[in-house]
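Undergrad: Dropping a structure here in structure tokens format, bear with me for questions.
Numbering (the numbering used here), first residue to last: 23 to 174.
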């Protein structure tokens, strides 16, 4: 978070807009014809409504989706490497559609991914303690990665 604060102190600004606020694989539905839809736009339920309505950088939603690949990998036969590949593919697809790769701003993306992982630690500790290793592993990974690491 210090790296993000440093960028802000240097005059870096980020575009903000209304975002989903709780984007993850469970919010994505695929129709029989292959079209994708997103559901549940109310944001993270534990956050105050006024906060959920504020414009945010789109990196917030990207980070939420990136975090969900760790959950998918931990509850299936997939590996952490599979989750890394999914994160890279998602960012590449996002770049193709949005015209901007979220990995080009690794400090912002990492800050939002870390924020989401810490939120998940608290959520899992309260509601699903058996799942606590998933966000704890992410917090460790994010703490070990360098700020310019764009592999996730």
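Idealized CB from N, CA, C, for every residue including glycine.
At the level of alpha carbons, what is the spacing between residue 171 and residue 131?
TA: Mapped onto the chain shown, residue 171 falls at position 149. Mapped onto the chain shown, residue 131 falls at position 109. Residue confidence for residue 171 is low, a pLDDT of 47 falling below 50, so the modelled location carries little weight; the figure read from the coordinates is stated next. Approximately 10 Å, taken between the alpha carbons.
Undergrad: DSSP on residue 52, reduced to helix/strand/coil?
TA: Here residue 52 corresponds to residue number 30 of the chain shown, with the count starting at 1. Residue 52 falls in the strand class under three-state DSSP.
Undergrad: Mind pulling the alpha helix (DSSP H) runs of 4 or more residues that sit fully within the region 91 to 157?
TA: List check, alpha helix (DSSP H) in window: 102 to 120, 128 to 149.
Undergrad: What does the Cβ neighbour count give for residue 83, buried or exposed, with the cut at 16 atoms within 10 Å?
TA: As a working mapping, residue 83 is identified with position 61 in the chain shown. Per the 10 Å Cβ criterion, buried.
Undergrad: Which residue wins for smallest C-alpha separation from residue 149, given the options 68, 64, 48?
TA: As a first step, residue 149 is located in the chain shown; it is residue number 127 there, counting from the start. If we check each option's Cα against that of residue 149, 68 comes out closest.
Undergrad: Count the CB pairs spanning the region 33 to 44 and the region 70 to 78 that are closer than 8 Å, and state whether there are at least three.
TA: The region 33 to 44 is in contact with the region 70 to 78.
Undergrad: Please name the residue or residues paired with residue 39 in a DSSP beta bridge.
TA: One-based indexing of the chain shown puts residue 39 at position 17. For residue 39, which the question treats as bridged, DSSP gives the partners 78.
Undergrad: Can the beta-carbon of residue 46 be found closer than 8 Å to that of residue 89?
TA: Taking the chain shown and counting its residues from 1, the one referred to as residue 46 is at position 24. Taking the chain shown and counting its residues from 1, the one referred to as residue 89 is at position 67. Against a cut-off of 8 Å, the Cβ pair of residue 89 and residue 46 comes out as a contact.
Undergrad: Closest to residue 138 by CA distance: which of 161, 29, 96, 105 is it?
TA: Counting from one through the chain shown, the residue named residue 138 turns up at place 116. Cα-wise, what sits closest to residue 138 is 161.
Undergrad: Could you give the C-beta distance for residue 166 and residue 157, rounded to a whole number, given that I count them as a contact under 8 Å?
TA: As a first step, residue 166 is located in the chain shown; it is residue number 144 there, counting from the start. As a first step, residue 157 is located in the chain shown; it is residue number 135 there, counting from the start. That pair is no contact at about 15 Å.
Undergrad: Rounded to whole angstroms, what is the Cα-Cα separation between residue 29 and residue 126?
TA: Residue numbering aside, residue 29 sits at position 7 when the chain shown is read from its first letter. Residue numbering aside, residue 126 sits at position 104 when the chain shown is read from its first letter. Taking the straight line from one Cα to the other gives about 14 Å.
Undergrad: Specify the secondary structure class of residue 29 as computed by DSSP and reduced to three states.
TA: Here residue 29 refers to the residue found at position 7 of the chain shown. Three-state result, residue 29: helix.
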